[in-house]
Every structure is written in C-alpha cells, then in structure tokens.
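Residue numbers for the sequence shown, in this note's numbering: 3 to 108.
Just so you know, even glycine gets a beta-carbon here, dropped at the ideal spot from N, CA and C.
One structure is given here, and the rest of the page talks about it.
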Amino acid sequence: MAVIHFNEEGFKRVVSEAPVAMVDFWADWCGPCKMLGPTIDKLGAQYEGRAVIGKVNVDDEGGLAASFGVMSIPTVIFFRNGKEVDRKVGLMPAGVYSDTLDTLLG
C-alpha cells in the first residue's frame, strides 16, 4: 500500500517509527485537497519503501488534526523520527513536496 489512510492509533504507531514521513491533512469537501490527491498518490508510489506517505481526513480525525494545529487544509506535515520538521499549507506544485522529501532522506 503506497499511501496509508491514518486513524489516530495508526498514525501514532507508524509515524513515530518512520525515519521519514509525509502526512496530508485533508477533507472530502475541500477543492484544493482533491487537486492535491493525485500528487500524494504519485509520491506514495515514488517513495514507497523509503518514506511513509499518508493522509488524515480531518473530518474523521479532528482530534489528530487539532493536536498538530491544522487550521487550514490541505496541510502537509513532514516528520523525521516522529518529530515535525516542516509543513506546507495550501496547494503547492508536486516538486515542493518531493524536494522536501529528498532533503529529509538525504
């Protein structure tokens, strides 16, 4: 599975253990989130085995979104060893996300 759809329990377990993770906070009703979806799917395939790529539906997991201070969506948060190291708010070109992942992966 290239892109993981997280609930709170799975998020804590997987992201805390991953050397590098990228998580998209989104919602079904969000137009920019829908536009970002194919990019997230492509990155999931591209980085499979090297980084965890996941999604959190803020309507289903509002507590998780709140715990990271997600106020606008889409918000993509990058983690290294379970700690937030970067975030991108709003729709951005695919290269912004891949460049950040490449930097984190070294």
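Best match in the options for proximity to residue i [C-alpha to C-alpha]
i	options	result
S74	R89, L106 and V5	R89
A53	V72, V91 and I42	I42
P76	M24, D101 and E19	M24
R82	V22, G12 and F13	V22
V2	G64, D61, D62 and I55	Because the chain is modelled from 3 through 108, residue 2 falls outside the range shown and cannot be assessed.
W28	S18, N59 and V16	N59
V5	G46, F13 and W31	G46
Same chain, Cβ closer than 6 Å to residue i, neighbours up to 5 away in sequence not counted
i	result
H7	K57
A96	T41
Cut-off 7 Å between Cβ atoms - residues of its own chain near residue i, not counting five sequence neighbours on either side
i	result
L107	V22, R52 and A53
Counting pairs of Cβ atoms below 8 Å between the segment 60 to 73 and the segment 36 to 44, do you hit three or more? Inter-segment contact for the segment 60 to 73 and the segment 36 to 44 is absent: fewer than three beta-carbon pairs are separated by less than 8 Å.
Report the start-end ranges of each alpha helix (DSSP H) in the segment 9 to 63 that is 4 residues or longer and not cut off at the edges. Scanning the segment 9 to 63 from its first residue to its last, the whole alpha helix (DSSP H) runs of 4-plus residues come out as 10 to 19 and 33 to 48.
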